[in-house]
Structures are given as C-alpha cells and as structure tokens.
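One structure below.
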Amino acid sequence: ARAADAYKQAIVDGNSDDIVYSSLFTGVHGNYLAPSIRAAGMDPENLPEGDVKTMNFGGGEGSKSKAWKDIWGCGQGIAAVSKVQPAADYIAQLGREYEQARQRVCA
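Heads up: the sequence shown begins at 22 in the numbering used here, then just goes up one per residue.
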C-alpha cells in the first residue's frame, strides 16, 4: 500500500488500547490511533467533541493535522496485524492455508 511506513509500523506496534473514538477530526465519529494524535501535539485522552455541522475532513479545530494523513485511522482489527508484508505474499499464504485445509477436509 502507499501508506506511510510509520503508519504501517504504528499498526504493527499497536493494539486495541491504542484506538481512540473521536469526532474531533472530521465532525463524525471514527477510530484513530492514539500515537498519531500524540505526534500531532494533542492528548488522545482529552479531545474535545467535533461538530457535524462543521464537518471537515481536513483536521480538528485548532489543529493543522489532517485526518488520515497525520491522524491515522485504525479499527479493532489492529490486534490481528503482526507484521508488514506485501499483499502478494499474504494472498499466497491464504492460498496455501486454504489448500491445506481443503486437503484435510477431503481426506
């Protein structure tokens, strides 16, 4: 993916405790990585609420940080990510695992 290497590594290093549910950055609630919020100079534990009337996918009020560029989104699936790997490698792994499972079932 074209995602920043630091973003990919933050997902590998993170866990579900690093997910912050906030409306600040766009005006609608979403899940964001706490380390990216800290890196933008904000406290992820004390974020004000955003306002849907001022929905802005650029950044939170008083912040020059932009949602998804500087403030990284991520969901509960973060716990399943243990390494960064090319999609082709992951697809090949899934194919091998499928074939092994199919052979066990058909044996």
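Idealized CB from N, CA, C, for every residue including glycine. In this text the structure is predicted, and so the values were computed from the model without any measurement.
- Nearest Cα to V102 within the set A25, K29, Y119: K29.
- With 16 or more neighbouring CB atoms inside 10 Å of its own CB, Y53 falls in the buried class.
- Here DSSP, grouped into helix, strand and coil, assigns L115 to helix.
- Per DSSP, reduced to three states, the secondary structure at V102 is coil, with no helix or strand assignment.
- If you check the CB distance, I32 and I92 do not come in under 8 Å.
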